[in-house]
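In what follows, a structure is listed as structure tokens, so that the remarks can point back to it.
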Amino acid sequence: MSFMDSIRGMSFFDMHVHMTSRTTDDYQAMADAGVVAMIEPAFWLGQPRTGVDSFRDYFASLVGWERFRASQFGIRHYCTIGLNSKEANQEELAEQVMEILPLFIYKEGVVGVGEIGFDDQTAAEDKYYRAQLDLAKEAGLPVQIHTPHRDKKQGTSRSMDIALEHGLEPGMVIVDHNNEETVREVLDRGFWAGFTIYPFTKMGNERMVEIVKQYGPERIMINSAADWGISDPLAVPKTAALMKQSGISDEAIKLVTFTNAVTAFAQSGQLSLDELMQPLGIDQSQRYNGSSVLRGGQAPRIDKESTIIK
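By the count of full-length UniProt numbering, the sequence shown reaches residue 310 at its end, each step adding exactly one.
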């Protein structure tokens, strides 16, 4: 039995995936594998942006074109908006980005402030992380935290300490990119624990199975964080299949791959379980500002069975 067969009929919510970096083939493959919704956090594009207008256009694409592009494959697209930790170190530009964030975080489909937090754990990162926590608290939005790749345990603890210091409830904070070193503290302190299933680094799906077996499914959620690097947009359904084969119950799998993410981000008021359970109609003849996902006379798909991309 293939992984597609073992999970057929299940629905998945990838709560951290950078679809700006992916192709329409990825959207189709995700839809075929059962992904019905996703969250795209604002992040670093691989090289530093040099002006505030590049941030403005990027944020606009997350609430505009990318949301439309996902819908053309039957997937609901949400996003979190924020100044990422790496570019927080460009202080002059960071100040300008902070000024435009309020123009975007209240838009339709924005389910949180993120991904924010620490990279090198500098003073500038601390400053703009705190400022964005205050912004999220004022807006009543969840926070999506990027924990650092280096000194992760220290950075994770520090991220939570500061969130509490700024008066955020742990249940409004999703601490992402956890591993075996960080998970216990995150859960013990009442925060949501996100895990990125990423090839060769972060978390592997076999390790993720063991974490769910050890800690259970409560307040744990998984994602692919698929981006412009070596990554897999099917990481969530593949991990669900491995969990199923490892004897984890369907109820636990659903919590980790769907329900927990819905519960956490529904606090934004921008999504609901009822909404996600309704099929999203597909009409690829639609356009967004004059553009469609079709090229060269391709025939639009209009509410018909999709082709599984192997």
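The beta-carbon is built from N, C-alpha and C at its ideal position, and this holds for glycine as well.
Given residue 228, which residues of its chain have a CB within under 7 Å of its CB, disregarding the five upstream and five downstream residues?
Once the five neighbours on either side are set aside, the close Cβ partners of residue 228 are 21 and 46.
For residue 40, write down the residues that DSSP places opposite it in a beta bridge.
Residue 40 is bridged to 79.
Pop quiz: residue 264 and residue 192 are said to be a contact at Cβ under 8 Å. What is the actual Cβ separation, rounded to whole angstroms?
That belief holds up - the Cβ atoms of residue 264 and residue 192 are roughly 5 Å apart, short of 8 Å.
What residues are listed by DSSP as bridge partners for residue 221?
Answer is 194.
Quick one: complete beta strand (DSSP E) runs, 3+ long, within the region 106-194?
DSSP runs (the beta strand (DSSP E)) wholly in the region 106-194: 110-117, 143-146 and 173-176.
For the beta strand (DSSP E) that contains residue 14, what are its first and last residues?
Run containing residue 14: 12-14, per the beta strand (DSSP E) assignment.
Taking its Cβ as the centre, do 16 or more other Cβ atoms sit within 10 Å of residue 149, making it buried, or is it exposed?
Classification for residue 149: exposed.
Under three-state DSSP, which class holds residue 283?
Strand, per DSSP.
Would a C-beta distance cut-off of 9 Å place residue 279 and residue 257 closer than the cut-off?
Contact flag unset, no.
Under 8 Å: do the region 93-105 and the region 20-39 share three or more Cβ pairs, one atom per stretch?
Flag = no, the region 93-105 and the region 20-39 do not touch.
What are the boundary residues of the alpha helix (DSSP H) that residue 65 is part of?
Element bounds for residue 65: 65-71.
If you drop the 5 nearest sequence neighbours on each side, which residues of the same chain put their C-beta closer than 7 Å to that of residue 187?
Excluding sequence neighbours, residue 187 sits near 193, 215 and 219.
Buried or exposed for residue 301, please, with buried defined as at least 16 other CB atoms from any protein chain shown within 10 angstroms of its CB.
The residue in question, residue 301, is buried, as its Cβ has 16 or more Cβ neighbours within 10 Å.
By the three-class DSSP mapping on this structure, what secondary structure does residue 293 have?
In this structure, residue 293 counts as coil in the three-state DSSP scheme.
Along the chain, where does the alpha helix (DSSP H) that runs through residue 227 open and close?
Where residue 227 is concerned, there is no enclosing alpha helix (DSSP H), given that its DSSP letter is neither H nor E.
Which whole-angstrom value describes the C-beta separation of residue 78 and residue 271, a residue pair presumed to lie in contact below a C-beta threshold of 8 Å?
Right, their Cβ atoms sit about 6 Å apart.
Which same chain residues end up closer than 8 Å to residue 75 when comparing Cβ atoms and leaving out the 5 residues on each side of it in sequence?
27, 30, 31, 35, 36, 37, 38 and 280.
Within its chain, find whatever has a CB closer than 6 Å to the CB of residue 124; leave out the 5 residues flanking it on each side and keep chain order.
The answer, listed in chain order, is 88, 89 and 91.
Helix, strand or coil for residue 248, going by three-state DSSP, please let me know.
Residue 248: coil per DSSP, three-state reduction.
Please check the pair residue 112 and residue 63, which I expect to be a contact at CB under 8 Å, by giving their CB distance rounded to whole angstroms.
Contact doesn't hold; Cβ gap of about 13 Å is too wide.
Considering only C-alpha positions, which residue in the set 40, 71 and 50 is nearest to residue 82?
Considering only alpha carbons, the answer is 40.
List the whole-angstrom C-beta distance separating residue 176 from residue 115, where the pair is believed to meet the contact cut-off of C-beta under 8 Å.
So it is a contact: roughly 7 Å between Cβ atoms.
By how many angstroms is the C-alpha of residue 19 removed from the C-alpha of residue 295?
Answer to the nearest angstrom: the Cα atoms are 19 Å apart.
Assuming residue 190 contacts residue 170 under a Cβ cut-off of 8 Å, what Cβ separation, rounded to an integer in Å, is found between them?
The Cβ separation is near 4 Å, so the contact holds.
Does the beta-carbon of residue 14 have 16 or more other beta-carbons within 10 angstroms, so that it is buried, or is it exposed?
Label assigned to residue 14: buried.
Between residue 137 and residue 246, what straight-line distance do the alpha-carbon atoms span, to the nearest angstrom?
Computed Cα separation, rounded: 40 Å.
Which class does residue 52 belong to by DSSP, given the choice of helix, strand or coil?
If DSSP states are grouped into helix, strand and coil, residue 52 belongs with the helices.
Quick check: what's the CA-CA separation for residue 254 versus residue 16?
Approximately 16 Å, taken between the alpha carbons.
For a test of the three-state rule: what should DSSP assign to residue 299, helix, strand or coil?
It is coil, neither helix nor strand.
Measuring alpha carbon to alpha carbon, tell me which residue in 206, 146, 180 and 108 is nearest residue 266.
Residue 266 has its Cα closest to that of 108, out of 206, 146, 180 and 108.
Which one of 60, 54 and 130 has the shortest CA to CA distance from residue 93?
Of the listed residues, the one whose Cα sits closest to residue 93 is 54.
Give the DSSP-derived three-state secondary structure of residue 17 in the structure shown.
Three-state result, residue 17: coil.
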